[in-house]
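Trainee: Residues in the sequence shown are numbered from 2 upward in steps of one, following the working numbering.
We treat Cβ as the ideally placed atom computed from N, Cα and C, and that holds for glycine.
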Amino acid sequence: MRGETPSFYTVIFCLIHNIEKKKKKKITDTMSVFPHRLLLLVLLLLHVIVYVHGWTSNHSKVPALLVFGDSLVDPGNNNVLPTIAKSNFPPYGREFPGRRPTGRFSNGKLPSDFLASVIGLKELLPAYLDPQLKPQDLLTGVSFASAGTGYDQRTADTWSVLSVGDQLKLFKEYIGRLKAVAGEERAKSILSKSLYAVAAGSNDMLFTYFQNPINLKRYDVNTYAGFLIDTVSGIVQELYQLGARKIAVAGLPPLGCLPSQRTLAGGILRKCVDIYNDAAILYNSKLTAELRSLGSQLTGTTIGYIDLYGSVYDLIANPVAYGFEEVSKGCCGTGKLEFSILCNRFSPETCEDDSKYVFWDSYHPTEKASAILVKKLFQKLKFLL
2 MRGETPSFYT
12 VIFCLIHNIE
22 KKKKKKITDT
32 MSVFPHRLLL
42 LVLLLLHVIV
52 YVHGWTSNHS
62 KVPALLVFGD
72 SLVDPGNNNV
82 LPTIAKSNFP
92 PYGREFPGRR
102 PTGRFSNGKL
112 PSDFLASVIG
122 LKELLPAYLD
132 PQLKPQDLLT
142 GVSFASAGTG
152 YDQRTADTWS
162 VLSVGDQLKL
172 FKEYIGRLKA
182 VAGEERAKSI
192 LSKSLYAVAA
202 GSNDMLFTYF
212 QNPINLKRYD
222 VNTYAGFLID
232 TVSGIVQELY
242 QLGARKIAVA
252 GLPPLGCLPS
262 QRTLAGGILR
272 KCVDIYNDAA
282 ILYNSKLTAE
292 LRSLGSQLTG
302 TTIGYIDLYG
312 SVYDLIANPV
322 AYGFEEVSKG
332 CCGTGKLEFS
342 ILCNRFSPET
352 CEDDSKYVFW
362 DSYHPTEKAS
372 AILVKKLFQK
382 LKFLL
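Here is the structure:
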């Protein structure tokens with residue numbers, strides 16, 4: 002098109018073409034042309050490398066990962082809280098780098114660690130309350146999660162931990178610290194482009210509802226699930242007001258298939274408990290509807306649903322396909338009830354090969370299971386990036 006600036010590749014082609022036209026038949030002339038052709042080829046390759054690098058950088062739209070939730074994504078915030086809901090002792094962390102317990106409820110890394118890694122941010126997502134946290138860590142994300150918590154404040158109060166609402170208060174503090182490190186404008190950009198992940202609700206449903214006779218009389222499961230969804234909705238809206246524009250919220254896993262619930266309510270055969278799974282399905286259906294509604298209301302926001310139920314159930318129903326052998330109990334101790342302080346270095350019968358287990362203790366997935374879950378779920382969350 003007349004007046005259009007020729008591309009880099011057009012210029013290169015013309016230069017090479019002109020050189021080819023001027024080539025002589027003499028060997029000396031051929032040798033004199035060769036360095037020019039080589040130089041142009043090198044320039045072309047360098048441009049391609051720079052172009053590809055630029056494409057990658059421009060499409061890395063997530064500068065940080067900010068996580069809220071319970072023990073599924075708590076990398077050690079509870080270490081500094083006055084609670085028994087801790088896991089900063091062996092055998093927790095036995096597959097973690099350095100084979101050390103960090104407060105993660107796993108034999109190794111958490112789903113939040115793998116998510117930070119697959120996004121390309123860092124190998125481990127640190128706890129916001131970690132005394133060793135460095136100012137630069139704030140730039141690429143942290144986890145505010147607290148093991149044992151939920152959306153219901155009563156759940157957090159039972160374990161003396163941080164509710165998701167409490168975690169939002171820490172997030173506001175984080176914003177101030179981020180501005181001090183990055184400056185006002187860069188901090189605003191980080192907050193708007195970051196991925197926010199929220200994963201809670203299991204403790205609410207299992208402990209605060211099903212194992213609390215008062216609440217069982219006060220609510221039916223539909224009403225309590227609705228109460229939780231209202232709380233989730235408020236949290237998403239508050240995140241939006243604080244600058245979040247990319248938000249992923251996890252549903253509940255198949256609660257009735259957790260080793261602990263099989264033991265407590267699955268009968269002598271320790272089968273999955275339908276009433277708990279049905280409650281999770283009900284909650285998830287309400288959650289997806291609410292997230293869809295919020296997505297249409299909150300301008301400029303992309304909201305995703307994390308299908309924990311389907312992904313976890315697939316591992317349990319098809320263990321061999323993923324290299325697992327045991328799905329009904331955890332590796333730690335007997336694997337039927339142990340978690341937190343009940344899963345310790347003195348626990349008898351702890352397995353030797355945790356890679357064969359979907360669950361590490363009676364509630365939480367192994368590192369291997371977490372890695373598989375994130376790989377499966379990430380494919381469905383790419384639209385958030």
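Using 10 angstroms around the beta-carbon of Gly257, count the other beta-carbons present and answer buried if the total reaches 16, otherwise exposed.
Mentor: buried
Trainee: At which residue ranges does the segment 217–290 contain complete alpha helix (DSSP H) runs of 4 or more residues, listed in the order of the chain?
Mentor: Counting only runs of 4 or more, we get 222–242 and 260–266.
Trainee: Comparing alpha-carbon positions, which option in Asn285, Gln168, Val274 and Asp308 lies nearest Glu239?
Mentor: Gln168
Trainee: Residues in its own chain within less than 6 angstroms of Leu243 by CB, not counting five upstream and five downstream?
Mentor: none
Trainee: Figure out for me which residue from Val81, Phe208, Asp315 and Gly235 has the closest Cα to the Cα of Arg373.
Mentor: The amino acid occupying residue 373 in the given sequence is Ile; Arg does not appear at that position. With distances taken between Cα atoms, Ile373 lies closest to Asp315.
Trainee: Excluding the 5 residues preceding and the 5 following Val81 in the sequence, name in chain order all residues of the same chain whose CB lies nearer than 6 angstroms to its CB.
Mentor: Leu130
Trainee: Roughly how many whole angstroms lie between the Cα atoms of Leu122 and Ala157?
Mentor: 30 angstroms
Trainee: Can you check which of these residues, Pro112, Lys62, Gly227 and Pro91, is closest to Ser72 by C-alpha distance?
Mentor: Pro112
Trainee: Can you tell me whether DSSP reads Lys25 as helix, strand or coil?
Mentor: Here Lys25 scores only 40 on pLDDT, less than 50, and its place in the model should not be relied on; the value that follows carries that caveat. Correct three-state label for Lys25: coil.
Trainee: For Ile304, list the residues DSSP reports as bridge partners.
Mentor: Ile248
Trainee: Using a Cβ-Cβ cutoff of less than 7 angstroms, which residues in the same chain neighbour Leu338 once the five nearest sequence positions on both sides are dropped?
Mentor: The answer, listed in chain order, is Ser261, Thr264 and Ser363.
Trainee: Nearest to Ala188 by CA position, among Leu139, Gly235, Gly166 and Leu171, is which residue?
Mentor: Leu139
Trainee: Here's the rule: buried if 16 or more other CB atoms are within 10 angstroms of the residue's CB, otherwise exposed. What is Arg100?
Mentor: exposed
Trainee: Given a cut-off of 9 angstroms, decide if Val143 and Leu67 are closer than it, judged by their beta-carbon atoms.
Mentor: yes
Trainee: Would you call Lys25 buried or exposed, if buried means 16 or more other Cβ atoms sit within 10 Å of its Cβ?
Mentor: Its pLDDT being 40, under 50, Lys25 is placed unreliably by the model, and nothing is read from it.
Trainee: Helix, strand or coil for Tyr210, going by three-state DSSP, please let me know.
Mentor: In the three-state DSSP reduction, Tyr210 falls in the helix class (H, G or I).
Trainee: Count the other CB atoms within 10 Å of the CB of Leu39; is the residue buried (16 or more) or exposed (fewer)?
Mentor: Reliability of the predicted coordinates at Leu39 is poor, the pLDDT of 46 falling under 50, and the value obtained from them is presented with this limitation in mind. That one is exposed.
Trainee: Per the DSSP calculation, Gly142 is bridged to which residue(s)?
Mentor: Leu66
Trainee: Would Pro76 pass as an interface residue toward chain B - the criterion being a Cβ-Cβ separation below 9 angstroms?
Mentor: Checking the listed chains, one finds no chain B in this structure; it contains a single protein chain.
Trainee: Assuming Ala200 and Ala148 make a contact with CB atoms under 8 angstroms, what is their CB distance in whole Å?
Mentor: Not really, about 12 angstroms apart at Cβ, beyond 8 angstroms.
Trainee: Would you decide whether Gln380 is buried or exposed? Buried here means 16 or more other CB atoms lie within 10 Å of its CB.
Mentor: Under a 10 Å Cβ-count criterion, Gln380 is classified as exposed, with fewer than 16 other Cβ atoms of the shown protein chains found around its own Cβ.
Trainee: Cα separation between Pro255 and Ala318?
Mentor: Straight-line spacing of the CA atoms in Pro255 and Ala318 works out to 11 angstroms.
Trainee: Note down, in chain order, each residue of its chain lying with its Cβ closer than 6 angstroms to the Cβ of Pro136, except the 5 sequence neighbours on either side.
Mentor: Val182
Trainee: Verify whether the separation of the beta carbon atoms of Thr367 and Pro349 is less than 9 angstroms.
Mentor: no
Trainee: Excluding sequence positions up to five away, which residues of its chain have a Cβ less than 7 angstroms from the Cβ of Val119?
Mentor: Val375 and Phe379
Trainee: Taking DSSP's pairing of strands, which residues face Phe360 in a bridge?
Mentor: The partner list for Phe360 (beta bridge, DSSP) reads Pro366.
Trainee: Would you report the Cα separation of Phe172 and Leu116, rounded to the nearest angstrom?
Mentor: 19 angstroms
Trainee: Can you name the residues that DSSP bridges to Ala201?
Mentor: Answer is none; Ala201 lacks a bridge partner.
Trainee: Run the proximity test for Gly267: is its beta-carbon closer than 8 angstroms to any non-hydrogen atom belonging to the ligand ZN?
Mentor: This structure simply doesn't include the ligand ZN, nor any ligand for that matter.
Trainee: I'd like the list of long-range same chain contacts for Lys377, defined as Cβ closer than 6 angstroms, with 5 residues on each side in sequence excluded.
Mentor: Ser312
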